[in-house]
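In what follows, a structure is listed as structure tokens, so that the remarks can point back to it.
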Amino acid sequence: MTITSHTIVQLVTNRYEKQGVLEGSLGIVLEVYNNEAFEVEFFKDDGTTIDWFAVKKDEIIPYEKPSLIK
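Take this note's numbering: the final residue in the sequence shown is number 224, and no numbers are missing along the way.
Next up, the structure:
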């Protein structure tokens with residue numbers, strides 16, 4: 155899946171713990187920078203913003219909501 159603006163993504167690194175964003179956190183892509191980096195707003199389960207900043211493409215993956223049906 156290609157990551158574009160408004161894609162929900164999951165963080166796959168602990169590099170941003172100091173900002174309060176842990177590995178596994180979800181965010182939404184706000185801006186795409188030459189498909190090499192992405193401005194992402196990370197949020198809590200209730201939808202409130204934790205922080206937003208640029209991440210490298212290898213630090214996020216597209217989020218796929220787990221399915222209850224197998």
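In this text, a Cβ means the ideal position worked out from N, Cα and C, and glycines have one as well.
Do you know how far the Cα of residue j is from the Cα of residue i?
{"i": "residue 178", "j": "residue 191", "result": "18 angstroms"}
{"i": "residue 172", "j": "residue 185", "result": "22 angstroms"}
{"i": "residue 116", "j": "residue 211", "result": "The structure shown does not extend to residue 116, since the chain is modelled only from 155 through 224, so no value can be given for it."}
{"i": "residue 219", "j": "residue 167", "result": "19 angstroms"}
{"i": "residue 180", "j": "residue 216", "result": "9 angstroms"}
{"i": "residue 203", "j": "residue 156", "result": "24 angstroms"}
{"i": "residue 225", "j": "residue 182", "result": "Residue coverage of the chain in this structure runs from 155 to 224, which leaves residue 225 outside it and unanswerable."}
For the putative contact between residue i and residue j, defined by C-beta atoms under 8 angstroms, what is the C-beta separation to the nearest angstrom?
{"i": "residue 165", "j": "residue 213", "result": "6 angstroms"}
Buried or exposed for residue i, please, with buried defined as at least 16 other CB atoms from any protein chain shown within 10 angstroms of its CB.
{"i": "residue 201", "result": "exposed"}
Following the continuous beta strand (DSSP E) through residue i, name the residue where it begins and the one where it ends.
{"i": "residue 193", "result": "191-197"}
{"i": "residue 203", "result": "203-210"}
{"i": "residue 182", "result": "180-187"}
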